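Below is one structure, written out as structure tokens, with a few remarks after it.
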Amino acid sequence: MVTIILFAPLIGAIIAGFGWKFIGEKGAQWTTTGLLFLAALLSWIVFLTLGEAHTVTLFRFIESGTLSTDWSIRVDRLTAIMLIVINTVSALVHLYSFGYMAHDPQFEHTPYRARFFAYLSLFTFAMLALVTSDNLVQMFFGWEGVGLASYLLIGFYYKKPSAGAAAIKAFVVNRVGDFGFALGIFGLFFLTDSIQFDNIFAAVPTIAETELHFLWTDWNAAELIAFLLFIGAMGKSAQLLLHTWLPDAMEGPTPVSALIHAATMVTAGVFLVCRMSPLMEFAPNATAFITFLGATTAFFAATIGLVQNDIKRVIAYSTCSQLGYMFVAAGVGVYPVAMFHLLTHAFFKAMLFLGAGSVIHAMHHEQDMRNYGNLRHKIPLTFWAMMIGTLAITGVGIPLTGWLGFAGFVSKDAVIESAWAGTSGGYAFWMLVIAALFTSFYSWRLMFMTFYGKARGDKHTHDHAHESPRVMTIPLGVLAIGAIFSGMVFYSSFFGNHDKVLSFFGMPAHHAEASEHGEEAAHGEETAMADTATGEGADEAAPAEASSEAAAEETATADTATEVGAEGTATADTATEEGAEGTVTADTAIEEGAEATAMADDAAGEDGNHAAPAAGLEYGAIYMAPDNTVMDDAHHAPVWVKLTPFVAMLIGFGVAYWFYIVNPTLPRKLAKQQRPLYLFLLNKWYFDEAYDFLFVRSAKGLGRFFWKRGDGGVIDGGINGLAMGIIPFFTKLAGRAQSGFIFTYAFAMVIGIVLLVTWMSISGGAH
């Protein structure tokens with residue numbers, strides 16, 4: 006079933022891209038859309054019926070030296086969540102595109118629709134390849150595939166120079182993040198000699214005790230690798246410093262914007278951090294940085310959204326801000342909440358983008374909200390869809406219930422409460438609260454400028470505005486269901502009882518007591534499972550059936566021996582020795598000084614890269630350290646903490662209502678009075694200008710220098726100098742021998758004979 010889910014979009018992309026001439030454009034549209042709905046249906050079946058996590062091996066992917074891996078589909082709770090998000094939104098976007106792309110003015114009399122649907126399906130396949138990966142190289146394949154597909158879709162209107170520039174910008178900025186991701190993969194392979202997730206997670210305790218020398222500095226290996234991986238996430242998820250591509254991505258068709266912002270590209274970074282949670286839990290400095298940057302991004306993007314006039318750009322910056330919320334949740338170690346907000350956000354953000362597309366369609370592709378106004382009676386279905394999306398993103402619900410409200414209310418408040426618990430009410434908490442206030446303001450500003458007030462702009466356009474066809478409004482209705490109910494339905498699984506949440510993600514029911522002898526809190530729990538046992542300071546792993554002795558205690562269960570001595574841990578098919586002498590992991594041995602590392606007898610399969618799950622880490626789809634009590638602390642947050650986001654939402658609504666309904670001339674007056682601040686926000690904190698000055702101009706200047714001085718001066722100059730200077734000189738010199746006088750020729754012959762004799766004498770004469 007999961008194989009069909011993965012490859013159905015790829016099959017559709019191939020048929021639409023290469024076979025549309027045989028089946029026609031309509032056939033290509035129906036084929037890709039039908040396969041996506043099939044994948045979406047099967048994804049929900051997998052999500053609702055998922056039992057034990059398992060892996061489906063398809064074929065041998067890479068065989069090169071010590072690097073040997075299969076193309077496998079990893080099926081666990083994290084994968085299942087992403088499957089329903091990606092395929093549900095993508096299927097609805099495909100259906101919506103039937104109407105939106107029906108008469109595109111950019112491509113008159115051109116068969117563009119088959120190409121568009123092929124790109125959409127390719128985009129979906131690349132994202133599915135990413136989230137179903139069982140190893141880092143397979144994930145990187147999907148990661149780069151998403152980058153390629155986004156380039157094709159953002160630049161779909163290739164006749165527009167701005168679209169081409171936006172596509173290149175997205176591609177280049179993401180390459181910066183991808184370089185960090187690639188370095189992280191190289192580092193993990195160097196440390197573990199494996200790219201398999203299970204083997205890497207098995208080695209995490211050892212990696213956390215390893216030092217690496219990088220950029221003339223000594224780093225803790227876990228901290229460095231986690232930081233490098235997060236750089237990759239920063240690029241894909243448009244976090245501060247690598248965010249500049251996201252607003253420009255609005256140059257693509259609106260269905261593309263919905264797919265990028267709700268279900269595919271930007272969620273990849275959040276997924277990566279959650280997938281690598283076993284490593285992140287051992288890198289407190291890296292996760293602190295993730296928390297800080299996520300909170301800063303949430304605030305930063307929200308401030309820019311306050312003054313944007315393009316309806317799609319307002320929603321784009323809201324995406325950037327909401328992604329910051331997700332990274333804060335992941336940074337404080339509450340990975341289920343990060344995925345919870347990702348899930349709910351997919352519904353209401355896709356609906357907001359598709360609703361904006363419906364408005365643009367009704368207004369004949371006008372995107373400036375200053376030319377809208379009083380459209381709620383013209384396009385009532387779109388109005389109510391946008392209203393539901395706004396209620397969801399701003400967080401409308403019944404305070405103090407925790408779960409009774411629109412989807413955004415439930416998940417966003419869970420993030421904010423987790424930020425309070427994880428940072429003791431510090432920087433991240435207050436940044437998210439302020440961002441919630443700004444989110445409410447710019448969301449209601451969008452609603453009031455678009456659907457209320459007086460009609461502005463072109464009268465003919467407004468008079469002829471009409472509701473979108475049913476093929477565009479049906480997806481809005483389906484997404485509205487998710488925007489209303491997904492938070493309440495999934496609350497208990499993502500942020501309810503701690504044991505239930507852990508069980509939902511495949512982790513043990515609850516934390517056992519931490520070791521008495523003071524291992525680091527992040528390592529807390531030591532466990533042993535069948536077929537393996539480990540003793541303190543030993544250099545060999547004993548079979549599980551053999552009795553083992555520990556200094557402090559010995560616990561035996563059926564086919565399982567657990568030793569918790571000074572520092573001993575054992576798990577299934579893996580021996581881990583952390584004492585004065587040794588550490589054993591599933592697939593790799595890392596030697597430090599006098600420490601020796603041994604591998605368990607059954608640690609690897611035939612290719613040496615398929616080990617059993619990690620020793621000492623009882624992880625499921627995610628891993629939360631035994632001493633990670635942030636979720637429990639969030640449930641016991643004070644009343645004022647739980648009320649603060651709701652109050653912020655009300656303040657944002659009230660100010661927006663005052664500005665755009667009660668006194669609509671006030672925003673213009675305020676913009677004139679605070680002109681520097683207004684321009685600062687309108688120009689997006691001048692990041693584009695700063696990057697243009699620091700990187701673009703300097704790169705152009707360097708290129709110009711090498712072009713003129715290097716290529717022109719040295720290379721061309723050398724060749725031209727040889728051709729125009731030295732050669733003519735010798736030509737003239739040789740030409741003087743052609744004087745017509747016999748003595749000149751005789752002299753030349755004598756000189757030649759002298760040179761020949763001299764050369765033969767020096768070289769040893771004739772042989």
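So that you can map any letter, position 98 of the sequence shown is 103 in my numbering, and since no number is skipped, the others follow by simple counting. Beta carbons: idealized from backbone N, C-alpha and C, even for Gly. All of these numbers come straight from a predicted model, not from anything done at the bench.
Check: residue i C-beta below 7 Å from any heavy atom of the ligand PLP
| i | result |
| --- | --- |
| Gly-407 | The ligand PLP is not among the ligands present in this structure, which contains no ligands whatsoever. |
Local Cβ density within 10 Å of residue i, reported as buried at 16 or more and exposed below that
| i | result |
| --- | --- |
| Glu-694 | exposed |
| Met-6 | exposed |
| Trp-712 | exposed |
| Pro-258 | buried |
| Ala-21 | buried |
| Thr-62 | exposed |
| Glu-826 | Residue 826 lies beyond the residue range present for the chain, which begins at 6 and ends at 772; the question has no answer from this structure. |
| Ile-265 | buried |
| Ile-403 | exposed |
| Asn-314 | exposed |
| Trp-221 | exposed |
| Phe-27 | exposed |
| Asp-75 | buried |
| Pro-116 | exposed |
| Tyr-750 | exposed |
| Trp-25 | buried |
| Thr-602 | For Thr-602, the predicted structure reports a pLDDT of 34, less than 50, and the residue's modelled location is therefore unreliable. The matter cannot be settled from this model. |
CA-to-CA distance, residue j to residue i, given in whole angstroms
| i | j | result |
| --- | --- | --- |
| Ile-439 | Ala-213 | 35 Å |
| Ala-175 | Asp-697 | 15 Å |
| Ile-731 | Ser-768 | 28 Å |
| Asn-379 | His-350 | 27 Å |
| Lys-354 | Val-494 | 18 Å |
| Leu-357 | Gly-625 | 34 Å |
| Pro-733 | Val-755 | 24 Å |
| Val-476 | Leu-437 | 37 Å |
| Thr-372 | Leu-682 | In the sequence on display, residue 372 carries Gln and not Thr. C-alpha separation (whole angstroms): 24 Å. |
| Lys-677 | Leu-687 | 13 Å |
| Phe-816 | Tyr-432 | For the chain, the structure presents residues 6 to 772; residue 816 sits outside this window and is missing. |
| Thr-455 | Arg-461 | 10 Å |
| Ala-630 | Ala-426 | 16 Å |
| Ile-316 | Leu-135 | 30 Å |
| Arg-79 | Ile-9 | 14 Å |
| Ile-159 | Ala-171 | 7 Å |
| Tyr-447 | Asn-179 | 27 Å |
| Pro-385 | Thr-296 | 40 Å |
| Val-151 | Ser-497 | 32 Å |
| Ile-16 | Ile-724 | 53 Å |
| Ile-200 | Thr-395 | 42 Å |
| Phe-735 | Ala-742 | 11 Å |
| Met-368 | Thr-466 | 6 Å |
| Trp-35 | Arg-82 | 31 Å |
| Met-729 | Ile-747 | 31 Å |
Close Cβ partners of residue i (< 7 Å) along its chain, the five nearest in sequence each way excluded
| i | result |
| --- | --- |
| Ala-154 | Tyr-124, Leu-127, Phe-128 and Ala-131 |
| Asp-637 | His-503 |
Neighbourhood of residue i by C-beta, 8 Å cutoff - its chain only, sequence neighbours within 5 removed
| i | result |
| --- | --- |
| Ile-489 | Ile-393, Ala-397, Phe-411 and Ala-412 |
| Tyr-163 | Gly-169 |
| Phe-685 | Tyr-691 |
| Leu-41 | Ala-13, Pro-14, Gly-17, Asn-92, Ser-95, Ala-96, His-99, Ser-126 and Thr-129 |
| Ala-288 | Ala-213, Asn-225, Ala-227, Glu-228, Ile-230, Ala-231 and Phe-232 |
8 Å Cβ cutoff, residue i in contact with chain C
| i | result |
| --- | --- |
| Arg-741 | The structure shown contains no chain C, having only a single protein chain. |
Residues of its chain near residue i, where Cβ-Cβ distance is below 6 Å and the 5 sequence neighbours each way are ignored
| i | result |
| --- | --- |
| Ala-307 | Ser-326, Ala-440, Phe-443 and Thr-444 |
| Asp-418 | Pro-650 |
| Ser-323 | Gly-310 |
| Trp-449 | Phe-658 and Ala-661 |
| Thr-302 | Gln-244, Leu-245 and Gly-329 |
| Phe-52 | Ala-85 and Ile-89 |
| Pro-252 | Arg-318 and Ala-321 |
Are the stretch 87 to 100 and the stretch 29 to 48 in contact at 8 Å, needing three or more beta carbon pairs? yes
Below 8 Å, can you find three or more Cβ-Cβ pairs linking the stretch 239 to 246 to the stretch 270 to 281? yes
Determine contact between the stretch 361 to 368 and the stretch 326 to 344, defined as no fewer than three beta-carbon pairs at a distance below 8 Å. no
For the stretch 228 to 239 against the stretch 277 to 291, do three or more pairs of beta-carbon atoms, one drawn from each stretch, fall closer than 8 Å, so that the two count as touching? yes
Whole runs of the alpha helix (DSSP H) within the stretch 133 to 165, excluding any shorter than 4 residues: 141 to 159
Kindly provide the ranges of any beta strand (DSSP E) runs that are 3 or more residues long and lie completely inside the stretch 29 to 88, ordered along the chain. 59 to 69 and 72 to 80
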